[in-house]
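Visitor: As numbered in full-length UniProt numbering, the sequence shown has no gaps in its residue numbers, which increase by one up to the final residue, 162.
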Amino acid sequence: MRLTTKGRYAVTAMLDLALHSDKGPVSLSDISSRQGISLSYLEQLFSKLRKRSLVNSVRGPGGGYRLSRSNNDIFVAQIVDAVNESVDATGCKGRSDCQSGNTCLTHHLWCDLSDQIHDFLNQISLDQLVRRNDVRQVAERQELESRQRSFENDKISAAIVD
């Protein structure tokens, strides 16, 4: 059983957005820098998140994205579902054709597991994650590293211009 990269990246990006939303709209380039997710991939994900009304875009200078509702009202399962991912533990992707076109002996067991995982993720809000000390510590480290990279890039640019 595995959550795909698309689902993991969407949850990571939404958590980053939630952690930094107190400063106003968050740009995808800032999320990209902190999380190491390509900007083009984030654009694809946020298009889907916007269509599912999980985020709002803000245009213009200082624009970016905001959560469409409070951290308490957005759950991990909603994010995964929004990017068209399913948490599926079956070997047949839920099609019931696991064994020569028929349902295998353990198909329903794996379907039940998939349902349990989805239910579990549906009980975890962004707010719960934001309040975790371990999440906050990682976010602080990422912010510091992102600032350091930006400072180093500015120094290189200044040296090139000189």
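Ideal placement from N, C-alpha and C gives every residue a C-beta, glycine not left out.
Report, in whole angstroms, the separation of the C-beta atoms of THR103 and SER96, which I expect to be a contact under 8 Å.
Guide: THR103 to SER96, Cβ: 5 Å. Contact.
Visitor: Using C-beta distances below 8 Å, list every residue in its chain close to GLY64, excluding the 5 sequence neighbours before and after it, in chain order.
Guide: Result list for GLY64: GLY24, PRO25, VAL26, SER27, LEU28, ASP30, SER57 and VAL58, in chain order.
Visitor: Which two residues bound the contiguous beta strand (DSSP E) that contains VAL58?
Guide: Run containing VAL58: 55-58, per the beta strand (DSSP E) assignment.
Visitor: According to DSSP, simplified to helix, strand and coil, what is GLN142?
Guide: Of the three classes helix, strand and coil, the one that applies to GLN142 here is helix, per DSSP.
Visitor: DSSP beta-bridge partners for VAL26?
Guide: In the DSSP output, where bridge partners are listed per residue, VAL26 has TYR65.
Visitor: Give me the DSSP bridge partner(s) of SER125.
Guide: SER125 pairs with PHE75.
Visitor: For SER146, collect the residues of the same chain with a Cβ closer than 8 Å to its Cβ; drop the 5 residues on either side in sequence, then sort them by chain order.
Guide: So the qualifying residues of the chain are ASP30, SER33 and ARG34.
Visitor: Can you give me the C-alpha to C-alpha distance between ARG137 and SER68, rounded to a whole angstrom?
Guide: The identity of residue 137 in the sequence shown is Gln, whereas the question assumes Arg. If I take the Cα positions, the gap works out to 25 Å.
Visitor: Can you give me the start and stop residues for the alpha helix (DSSP H) that THR5 sits inside?
Guide: Unbroken alpha helix (DSSP H) run through THR5: 5-20.
Visitor: CA-CA distance, SER91 and GLN148?
Guide: One detail in the question is off: residue 91 reads as Gly in this sequence, not Ser. Going by the C-alpha atoms only, they are around 44 Å apart.
Visitor: VAL87 and LEU19 look like a contact to me (Cβ under 8 Å); what is the Cβ gap, rounded to whole Å?
Guide: 24 Å between Cβ atoms; not a contact.
Visitor: What separation, rounded to the nearest whole angstrom, lies between the Cα atoms of VAL76 and ILE160?
Guide: The alpha-carbon atoms of VAL76 and ILE160 are separated by roughly 44 Å.
Visitor: With distances taken from CA atoms, which of ASN71, ALA10 and LEU54 is nearest GLN44?
Guide: Ranking the options by Cα distance to GLN44, first place goes to ALA10.
Visitor: Please state the DSSP three-state secondary structure of ASN133.
Guide: Here ASN133 sits in helix by DSSP.
Visitor: Within the continuous alpha helix (DSSP H) that includes ARG50, where are the two ends?
Guide: First-last of the alpha helix (DSSP H) with ARG50: 39-51.
Visitor: Using a Cβ-Cβ cut-off of 7 Å (strictly less than) and excluding sequence neighbours within five positions of LEU42, which residues of its own chain qualify?
Guide: ALA13, LEU28, ILE31 and SER32.
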